[in-house]
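S.K.: Starting off with a structure, shown below.
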Amino acid sequence: MLIANFRDAYEQVKRDALQSGMSVTIFVAQDVDALAACCILTSLLQADMIGYQQIGVNGSSEIAMRSETDLDDEDRPKKSIFLINCGAFVNIAKFMVEEHATSTFYVVDSHRPMHLHNIYSSEWIQVFDDGDMGRIPRPDEVFDMTEYNEDEDADELDEDEEFALARQQRRENPNAPIPLTRRERHARQRSIRDNYYSKTFFGTSVAIQMFMLAESLNKESTELLWWAIVGLTDQFVHERIDSAKYAAEINQLNDAAMRLGTYDEEQSDAQADEGLTEKLAIDRMQLRFDVDFRFLLYRHWSLYESMVHSSHVGARLQVWTSKGKQKLNTMLATMGLPLSQCKQKVSVVDQAFRSRLLEQVESHAANYQLPDVRFATFTMRHGYRPEISASDAVYAATAILESSNAREENFHRAIDSLRKPRLESTSMLSCGVDASRQFHQALARLLTVIIETGMVTAGPIRHVTLSDSADLRHFWHPASLTKLAIHLTEALRHQAMNTRGSFVNKPLLIAVCNSDADMYSVLGLTLGDTSGEIQKNHLGTSFREILKADQMLRCRNDSFDSNFVEIKREDYPNFLENLLHLHLR
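By UniProt numbering, the letter at position 508 of the sequence shown is numbered 508, and the numbering carries on one by one without gaps.
Encoded structure:
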């Protein structure tokens, strides 16, 4: 069932925990928005002295496995179970009812569409309604055939009876509408369901939903607000939401920041005498609303490398070519910025040059087809430690999540990097920044190979298959493949605009060989006609249709991102052929 009152749901969790001894378990998808939401939720639970268990998961089968092992406790059978960004596509009533018939499930998810059985289930499945669900069919429009699955003979008998009844009604009232037969109703219901599930998109960030919960409890804080900002930024940089939705959400978070307020820069003499000023400065988290540059990790890199590895700049200037690199060098020279200094880390150049550098970039960007080179965001400083931007935190935590095959360890390291940046988590964040730089360097190398060797095949879907490169190990996960797809689409878009003056927008399929698992990691992406626009993605539906039609294809298809699937290496050619044929119809 849908719940719009987040406070009531949390208060029920609280009563169940404190009065009935129900434990709280939190399943968390391994994306930064979900991690940030988990940080907010666990902070609220800690404040109310409620124990919890947090478990990072990568797919629905892992939820089932972990629920059978980690949650098997006969002495405490009743549980409050949160599913953060990992419950939208799972029919919970069918999936987990036997193991946890006495538990209550709370689904907090930005994936759309939401499974209809979760929406119209009993009150033990509660779906947080962010008001951004899209059009949801009524139960009578979709559930008749699902709930009454008679055999074919019974259908024929029922249809005969219904036809006789309809004929009698028509004799009594010739103007009455002709009722549908059961078979016709079933066909209509199937059509409505298929249309509802046909395209995927994203709703409100789950971190923002959890911050809305904190606000309803009057427990919002600067730290919780920062996590909400990080969750929203994760959606934006991975192009799950468009620029307009991001702008609206970030402005609302700015309003929240203004309501929370900050400490005054100057403390009273009494506070100074008591040494409170220094203590506040050390312990205090400060947020600053700013209009920042779309340059990748530029606070932790050189300006030159940051611009080269940013999709916003690299794609428009085509820096994978010698001509594109020359254009970038010319742009920096026109700004009066020595190349030697632009290749130094921004953090080590003197403050005066740093300020002039950024001012010059902004004033000359439009001359080099770099619109919207800045975007509204937040930066955070904790005590006297270096300032961190929300996008820095996202890129670092994402790199930690995908740095190796030690997924459970990566989950805990990534979530630690987002918590209050004490010395240890600041060090963790620094490791994430280093890993992100290495990843984006590998992305740039791979992108150069793809474009220069013409590996993208045209057709109803643009597709590229990558089988042989030392850098492929970086691209076995949905988020990393998404970044590659975004960079490649932007590169193809601006390459076409520069040569032909127009770009034909088509879905993009990328398949990367995972030699360790003898499988291809496959991702399908649909972006908007222009940069910053988002289209609903229909490729997840195409994947499901193909795998259902050909059950000989060996695959893993339980990712929380429906547009990502893993296909056995020998079966991938058939999968691709079926997909292209489907889109030619």
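Even for Gly, the Cβ is constructed at its ideal location relative to N, Cα and C.
If you count every other CB in all the chains shown that lies within 10 Å of the CB of Q19, and 16 or more means buried, which is it?
M.R.: Exposed is the call here.
S.K.: For F54, name the three-state secondary structure that DSSP assigns.
M.R.: The displayed chain sequence assigns Gln, not Phe, to residue 54. Strand at Q54.
S.K.: Go through its chain and collect everything with a Cβ distance to K327's Cβ below 6 Å, but skip five positions before and after it.
M.R.: If we look at K327 and ignore the five residues flanking it on each side, its Cβ neighbours are L317.
S.K.: W476: which of T526, S521, A187 sits nearest, CA to CA?
M.R.: Taking only the C-alpha atoms, the option nearest W476 is S521.
S.K.: Note down the Cα distance separating A187 from L508, rounded to an integer number of angstroms.
M.R.: In a straight line, the C-alpha of A187 is about 32 Å away from that of L508.
S.K.: Excluding the 5 residues flanking C38 on each side, which residues of the same chain have their C-beta closer than 7 Å to its C-beta?
M.R.: Here the set comprises I26, V28, Q54, I84, I415.
S.K.: Below 8 Å CB to CB, which residues in the same chain sit around L157 once its five sequence neighbours on both sides are set aside?
M.R.: Because the pLDDT of L157 is 46, which lies under 50, any placement of that residue in the model is unreliable, and the question is left without a value.
S.K.: Answer with buried or exposed for M573, where buried requires no fewer than 16 other C-beta atoms within 10 angstroms of its C-beta.
M.R.: Met is not the amino acid found at residue 573; the sequence shown has Pro there. Exposed, because fewer than 16 other Cβ atoms sit within 10 Å of the Cβ of P573.
S.K.: Quick check: the Cα distance between M357 and K343, rounded to an integer number of angstroms?
M.R.: Checking the sequence, you will find Leu at residue 357 rather than Met. Looking at the two C-alpha atoms, the distance is approximately 12 Å.
S.K.: Quick check on the DSSP output: the alpha helix (DSSP H) that includes E11 runs from which residue to which?
M.R.: First-last of the alpha helix (DSSP H) with E11: 6 to 19.
S.K.: Considering only their Cβ atoms, is the gap separating Y395 from V433 smaller than 9 Å?
M.R.: Yes, these two residues count as a Cβ contact at 9 Å.
S.K.: Could you tell me if the beta carbon of S61 falls within a distance shorter than 8 Å of some heavy atom in the ligand NAD?
M.R.: The ligand NAD is not part of this structure, which contains no ligands at all.
S.K.: Buried or exposed for P371, please, with buried defined as at least 16 other CB atoms from any protein chain shown within 10 angstroms of its CB.
M.R.: Exposed, since its Cβ has fewer than 16 Cβ neighbours within 10 Å.
S.K.: Would R437 be called buried (16 or more neighbouring beta carbons within 10 Å of its own) or exposed?
M.R.: R437 is buried by the Cβ-count criterion.
S.K.: Counting only runs that start and end within the segment 381 to 405, where is the alpha helix (DSSP H) found for 4 or more residues in a row?
M.R.: Listed in chain order, the complete alpha helix (DSSP H) runs (minimum 4 residues) inside the segment 381 to 405 are 390 to 401.
S.K.: Which residue comes first and which comes last in the beta strand (DSSP E) that contains T104?
M.R.: Its beta strand (DSSP E) spans residues 104 to 108.
S.K.: Do the segment 115 to 132 and the segment 54 to 65 touch if we need at least three Cβ pairs shorter than 8 Å?
M.R.: Counting Cβ pairs under 8 Å, fewer than three are found: no touch.
S.K.: Per the contact definition of three or more C-beta pairs closer than 8 Å, is the segment 243 to 260 in contact with the segment 217 to 234?
M.R.: The segment 217 to 234 vs the segment 243 to 260: in contact.
S.K.: Which first and last residues belong to the alpha helix (DSSP H) in which S340 is found?
M.R.: It spans 339 to 342 - the alpha helix (DSSP H) in which S340 sits, taken as one unbroken run.
S.K.: Just grab the DSSP bridge partners of R462 for me.
M.R.: Beta-bridge pairing links R462 to L508.
S.K.: Quick test of the definition: if touching needs 3 or more C-beta pairs under 8 Å, does the segment 306 to 324 touch the segment 398 to 418?
M.R.: Contact fails: fewer than three Cβ-Cβ distances are below 8 Å.
S.K.: Taking three-plus beta-carbon pairs below 8 Å as touching, is the segment 217 to 226 in contact with the segment 125 to 141?
M.R.: The segment 217 to 226 vs the segment 125 to 141: no contact.
S.K.: Mind listing, in chain order, the continuous alpha helix (DSSP H) runs of no fewer than 4 residues lying wholly within the segment 178 to 227?
M.R.: DSSP runs (the alpha helix (DSSP H)) wholly in the segment 178 to 227: 182 to 197, 206 to 216.
S.K.: Mind checking E152: buried by the 16 CB within 10 Å criterion, or exposed?
M.R.: Summary for E152: the model assigns pLDDT 42, below 50, so the residue's position carries little reliability, and this model does not support an answer.
S.K.: Taking buried to mean at least 16 other C-beta atoms within 10 Å of its own C-beta, is N537 buried or exposed?
M.R.: Burial call: buried.
S.K.: Tell me which residues share the same chain as Q341 and place their Cβ nearer than 7 Å to its Cβ, disregarding the 5 neighbours each side in the sequence.
M.R.: Same-chain partners within the cutoff: V349, F353.
S.K.: For the structure I just gave you, are there three or more beta carbon pairs, one from the segment 460 to 474 and one from the segment 493 to 500, closer than 8 Å?
M.R.: Short answer: they don't touch.
S.K.: Going by the DSSP bridge assignment, what does Y520 pair with across the sheet?
M.R.: C513, I567.
S.K.: In or out: Q46 buried (at least 16 other Cβ within 10 Å) or exposed?
M.R.: The residue in question, Q46, is exposed, as its Cβ has fewer than 16 Cβ neighbours within 10 Å.
S.K.: Say whether the segment 190 to 208 touches the segment 538 to 549, bearing in mind that this needs 3 or more beta-carbon pairs closer than 8 Å, one atom from each stretch.
M.R.: Yes, the segment 190 to 208 is in contact with the segment 538 to 549.
S.K.: Check whether the Cβ of T321 lies closer than 9 Å to any Cβ atom in chain B.
M.R.: In the structure shown, chain B cannot be found, because there is only a single protein chain.
S.K.: Rounded to a whole number of angstroms, what is the C-alpha to C-alpha distance between F375 and M133?
M.R.: For F375 and M133, the distance between alpha carbons rounds to 27 Å.
S.K.: Between which two residues does the alpha helix (DSSP H) containing I415 stretch?
M.R.: Here the alpha helix (DSSP H) through I415 covers 407 to 418.
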